[in-house]
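Number of protein chains: 2
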Amino acid sequence: MPIDLIELLFFAYRDFTSDPDTILAEFGFGRAHHRVLHFVSRNPGLRVTDLLGILRITKQSLARVLKQLIDEGYILQEPGPVDRRERLLTTTALGQDLAERLTRLQARRIQRALAAMPEGSHEIARQFLYHMIDPDQRGDVARLIEHS
Amino acid sequence: MPIDLIELLFFAYRDFTSDPDTILAEFGFGRAHHRVLHFVSRNPGLRVTDLLGILRITKQSLARVLKQLIDEGYILQEPGPVDRRERLLTTTALGQDLAERLTRLQARRIQRALAAMPEGSHEIARQFLYHMIDPDQRGDVARLIEHS
DNA sequence: AAAATAAGTCAATATGACTGACGTAAATTT
DNA sequence: AAATTTACGTCAGTCATATTGACTTATTTT
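Which chain is which? The protein sequence lines are A and B, in order.
Quick note on numbering that gives the first Met the number 0: the first sequence kicks off at 0 and runs consecutively.
Quick note on numbering that gives the first Met the number 0: the second sequence kicks off at 0 and runs consecutively.
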């Protein structure tokens with residue numbers, strides 16, 4: 000049994016999320032804000048429903064953090080041009096800056112890890128993580144990541 | 000920038016933790032209980048201090064979940080034979096069963112992922128996750144995982 | 001016109017984490 | 001032998017993130 004990977008996933012994820020936490024704390028934000036900011040930043044024009052599906056949280060859980068991010072000028076909302084019920088989400092310059100800063104931090108940790116490893120490790124890591132996702136969710140995730 | 004891996008880590012970890020969550024809910028336990036039960040199960044005779052170091056939570060956060068696990072008969076405490084201030088933690092048969100059931104579930108997901116991948120992927124995944132850990136923490140983690 | 005959808009909101013609650021302080025027993029240091 | 005440190009437990013209060021379930025409004029679809 001791959002108990003080593005079970006435990007390593009716990010420790011790797013713990014430290015992976017700790018990098019942004021430090022910066023987020025300065026802004027009075029938490030991990031929930033980070034996740035929202037990240038996916039809006041990478042997918043401008045995302046709808047609230049899409050975000051709920053990605054994060055797998057309830058509307059009420061999202062509402063609080065999203066409202067904060069909007070009120071404090073990190074995220075913008077505008078009605079969909081076709082369907083005006085929709086609120087399309089985009090980052091402001093301020094939000095984009097913060098999102099990119101957090102992404103750079105996490106990317107650096109990953110790059111350092113890969114730099115210590117054999118050629119082709121990025122691809123193997125990608126495949127491994129991809130296959131850890133529920134089969135019926137993989138398509139959605141692949142589509143989301145593609146245009147990154 | 001390896002943004003794909005940043006996002007895949009999020010989705011992989013989300014689904015990885017969702018397997019145990021279902022079972023834990025039946026027992027009235029959460030993830031915090033799982034983590035405690037797991038590390039005690041894999042490291043019989045663990046001290047409370049060790050557990051605090053591994054989980055990186057405060058004594059007060061640990062206290063509630065540990066107390067529940069003890070009260071409900073999943074974990075046993077006994078004074079250290081050398082240093083009687085210590086409370087060495089072990090699982091009961093009940094606790095061991097639950098821990099193994101949860102581990103099997105997570106192991107299955109990992110094994111299925113690796114089965115879909117080239118030979119040697121386990122080793123690459125292990126290295127990747129290991130290098131994602133803070134350098135100054137790697138020794139402790141390696142030591143912990145070794146006797147698994 | 002009726003039904004469905006996207007989004008927002010209300011109230012109440014649970015879980016897992018935190019800080020800071022204090023107490024006790026046992027071991028170690030001075 | 002006394003003082004200090006360590007391991008553990010506990011009290012009180014707080015915060016962040018999540019939940020369920022119900023209800024409203026605006027808009028689009030049937």
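No residue lacks a Cβ here, since even glycine has one placed at the ideal position from N, Cα and C.
Beta carbon proximity, residue i to chain B, threshold 8 Å
i        : result
A:Thr48  : no
A:Thr90  : no
A:Ala112 : yes
A:Arg125 : yes
A:Ser120 : yes
A:Phe15  : yes
A:Ile109 : yes
Beta carbon proximity, residue i to chain A, threshold 8 Å
i        : result
B:Asp3   : yes
B:Glu6   : yes
B:Gln105 : yes
B:Ala11  : yes
B:Arg100 : no
Straight-line gap, residue i to residue j (C-alpha atoms, nearest Å)
i        : j        : result
A:Thr16  : A:Leu8   : 12 Å
A:Phe10  : A:Leu23  : 20 Å
A:Leu128 : B:Ile5   : 10 Å
B:Ser120 : B:Ile53  : 27 Å
B:Ala106 : B:His33  : 15 Å
A:Ala62  : A:Thr48  : 12 Å
B:Arg142 : B:Asp135 : 13 Å
A:Val140 : A:Arg55  : 13 Å
A:Pro80  : A:Ile74  : 18 Å
B:Phe26  : B:Pro78  : 28 Å
B:Gly138 : A:Arg137 : 34 Å
B:Ala114 : A:Arg100 : 36 Å
A:Pro19  : A:Glu118 : 28 Å
A:His146 : B:His146 : 43 Å
CB contact flag (residue i, residue j, <8 Å)
i        : j        : result
A:His130 : B:Met131 : no
B:Leu87  : B:Gly44  : yes
B:Ile69  : B:Gln59  : no
B:Thr124 : A:Ile144 : In the sequence as presented, Thr is not what sits at residue 124 of chain B; that position holds Ala. No, these two residues do not count as a Cβ contact at 8 Å.
A:Gly72  : A:Thr57  : no
Proximity winner among the options, relative to residue i (alpha-carbon distances)
i        : options                             : result
B:Arg30  : B:Gly52, B:Arg13, B:Arg41, B:Leu113 : B:Arg13
A:Thr89  : A:Asn42, A:Gln105, A:Glu99, A:Ile56 : A:Asn42
B:Val64  : B:Val39, B:Ile53, B:Val35           : B:Val35
B:Phe28  : B:Leu4, B:Arg55, B:Arg84, B:Lys66   : B:Lys66
A:Gln126 : B:Ile109, B:Val140, B:Arg142        : B:Ile109
B:Asp82  : B:His37, B:Gln136, B:Arg46          : B:Arg46
B:Ile2   : A:Arg84, A:Gly79, A:Thr48, A:Phe38  : A:Phe38
A:Thr21  : A:Leu93, A:Gln95, A:Arg84, A:Leu104 : A:Leu104
A:Gly94  : A:Ser40, A:Thr57, A:Asp18           : A:Ser40
A:Arg111 : B:Arg111, B:Asp133, B:His146        : B:Asp133
A:Met0   : B:Thr102, B:Leu50, B:Leu51          : B:Thr102
A:Leu50  : A:Asp18, A:Glu99, A:Phe26, A:Glu85  : A:Glu85
**Item:** Residues of the segment 127-143 of chain B with Cβ closer than 8 Å to any Cβ of chain A, in chain order
**Value:** Phe127, Leu128, Tyr129, His130, Met131, Ile132, Asp133, Gln136, Val140, Leu143
**Request:** Note down, in chain order, all residues in the segment 48-72 of chain B with a beta-carbon under 8 Å from any beta-carbon belonging to chain A.
**Result:** Of all residues in the segment 48-72 of chain B, those with a C-beta nearer than 8 Å to a C-beta of chain A are Arg55, reading in chain order.
**Request:** Can you give me, in chain order, the residues of the segment 22-34 of chain B that have a beta carbon less than 8 Å from any beta carbon in chain A?
**Result:** Arg34
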